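**Q**
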Amino acid sequence: MIDAFDIAPDAIAVANRAYQASLTLGTTKGTERSSAVLAMAKALQHSFDDILEANTLDLEASREMAVPDLILEWLKLTPKRLQAAVEILERLAELSDPIRRVRNADYQLPDSQTYCQLMPLGVIALIYEAFPELAAIAAGLCIKTGNSLILKGGSEASNSNAAIVNALQLALEETGLPHGCLDLLPVDRGGIVRDLVTQDQYLNLVIPYGRPSLVQQVAKVATAPVLRSAMGNCYLYWSASGTLDMARTIILDSHQSEPDPVNAIEKVLIHRASKPSYLVSLWNNLQEKGFNIKGDAELVAAFPELQLAAESDWANPYLDRTVAFKVVDHLEEAIAWINRHSSGHADCIVTESYQESRHFALGVNSASTYINASPRFSRNPAQGDAVFLGMSNQKGQRRGFISLETLTTVKHIVQGNGKF
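Using the working numbering, you'd call the opening residue of the sequence shown number 28 and step up by one each time.
1. Can you look up V441 in the DSSP assignment and give me helix, strand or coil?
2. With a CB to CB cut of under 7 Å and the five nearest residues on each side skipped, what residues in its chain are close to I29?
3. Between A112 and the rest of its own chain, which residues show a CB-CB distance below 7 Å, the 5 nearest in sequence each way excluded?
4. DSSP on N319, reduced to helix/strand/coil?
5. Hey, out of F158, W265, Y305 and W310, whose CA is closest to R238's CA?
6. Starting from F352, follow the beta strand (DSSP E) in both directions and report where the run begins and ends.
7. Have a look at the DSSP bridge pairing and note the partners of N131.
8. Please say whether V64 and G167 have beta carbons closer to each other than 8 Å?
9. Does the beta-carbon distance from T435 to M67 come in below 8 Å?
10. Would you call the region 183-194 in contact with the region 131-142, where contact means no fewer than 3 C-beta pairs closer than 8 Å?
11. With a cut-off of 8 Å on the beta carbons, I'd call I115 and V414 a contact; round off their distance for me.
12. Can you tell me which of the three DSSP states Q47 falls into?
13. Report the rounded CA-to-CA distance for L326 versus H298, giving the unit in angstroms.
14. I need the boundaries of the beta strand (DSSP E) containing F14, first residue and last residue.
15. Do three or more CB pairs link the region 370-385 to the region 247-260 at distances below 8 Å?
16. Which word fits I440, buried or exposed, when buried means at least 16 other C-beta atoms lie within 10 angstroms of its C-beta?
17. Given this structure, state the Cα-to-Cα distance separating L489 from A351, to the nearest angstrom.
18. Beta-carbon within less than 6 Å of V94's beta-carbon, same chain only, minus the 5 sequence neighbours each way: which residues are those?
19. For T276, tell me which candidate among A400, L223, A45 and L86 has the shortest Cα-Cα distance.
20. So what does DSSP say about T54, is it helix, strand or coil?
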């Protein structure tokens with residue numbers, strides 16, 4: 028649903044304005060930015076009716092255009108979803124200032140003191156499908172870290188995105204933050220994305236958020252740095268020593284990361300020694316919860332009631348309540364398969380063997396591994412001081428949770444005394 032890539036000069040003006048705003052925003056005090064984030068939370072809460080009305084228009088238009096059910100689910104706003112975004116903004120406002128935190132440098136020069144400070148990146152662009160409330164969460168993270176933010180949503184959420192951003196912009200104006208630190212690109216100009224992501228003289232980071240096709244499309248044409256996000260196609264290896272209850276609980280819990288199934292387990296590798304009765308019990312439990320179950324050729328031959336998983340399924344996310352199962356002979360085969368086919372951001376193991384758990388954790392080439400634990404994703408964890416936008420599966424830059432620190436960079440400062 029993201030507009031086709033073409034030429035759109037508006038993106039240049041927006042990027043330039045955001046860059047100029049970032050120069051001022053990066054020098055503001057932490058208390059000023061926290062006040063602005065809190066003001067955004069209040070403005071969002073006071074605009075629920077307008078936002079939900081706009082969202083209804085988007086949903087009606089999208090249904091007429093036969094937009095996929097998956098996107099409709101991501102698009103649909105509820106008071107609960109909006110309130111969750113408000114609470115995230117309120118929590119961000121309470122956190123300590125991440126900018127200009129001092130860290131020890133890796134080296135020291137003679138007759139001087141060397142240290143590091145976290146600094147804003149500058150200008151960040153978020154290109155996203157549906158998920159209208161994501162604009163508010165991203166804005167909170169960027170303003171808190173002293174970054175300007177340019178938003179480009181899909182046409183399916185145009186009214187919702189405009190209503191949310193209008194509320195946030197009014198709040199920022201009232202707090203005196205620089206004009207242009209938060210902007211939304213129009214959806215009625217074809218090809219505006221290409222022109223945006225090639226403004227590397229202004230942009231410091233591009234974050235595409237949505238289906239893999241969107242992420243790949245943006246990464247292919249961008250000249251500014253891209254932080255790939257990922258969702259779905261997470262694997263679980265159910266070891267011979269792992270319990271049925273543990274496997275079932277983890278699979279079910281991982282799918283509670285709604286509306287976007289960031290870390291939902293969609294593929295399960297089972298050890299050949301697993302009892303058939305355990306497998307049937309698990310499949311029945313999942314089907315009772317509304318899941319669609321698939322299997323590899325070996326499992327389908329033994330259990331004809333299963334639907335055969337296509338070869339392409341193993342490397343691609345379903346992004347719905349579908350789970351595919353495959354038989355493997357041992358842990359090493361499971362690790363090799365996961366490294367070849369998983370999306371590489373969150374993979375799990377169920378085992379009672381410490382040796383197996385360590386082998387899995389070190390051998391799986393993913394941003395995060397979970398041992399007898401659910402990978403369920405939350406943008407606002409119940410514990411700790413972190414708030415997350417999503418997860419990245421790429422190496423280099425930042426990998427794993429996209430948090431406040433992800434949106435910062437390091438500046439080295441050398442304080443000398445005139446002696447060299």
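Backbone N, C-alpha and C fix where the C-beta goes; we use that ideal spot for every residue, glycine too. Please read all numbers here as calculations on a predicted model, not as lab measurements.
**A** Checking against the coordinates, here is how it stands:
1. V441 falls in the strand class under three-state DSSP.
2. Note that I29 scores 44 on pLDDT, short of 50, meaning its location in the model is unreliable; the coordinates nonetheless yield the value given after this. Closer than 7 Å at the Cβ level, and outside the excluded window around I29, lie I154, E156, G181, V220 and L241.
3. L71, E160, A163 and I164
4. strand
5. Ranked by how close their Cα comes to the Cα of R238, the residues F158, W265, Y305 and W310 have F158 in first place.
6. In the DSSP annotation of this structure, the continuous segment of the beta strand (DSSP E) that includes F352 starts and ends at T349 to V355.
7. Y142
8. yes
9. no
10. no
11. 6 Å
12. DSSP places Q47 in helix when its eight states are reduced to three.
13. 12 Å
14. Because the chain in this structure spans residues 28 to 447, residue 14 falls outside the shown range and cannot be described.
15. yes
16. exposed
17. Beyond the ends of the chain as shown, which are 28 and 447, falls residue 489; an answer cannot be given.
18. E183
19. A400
20. coil
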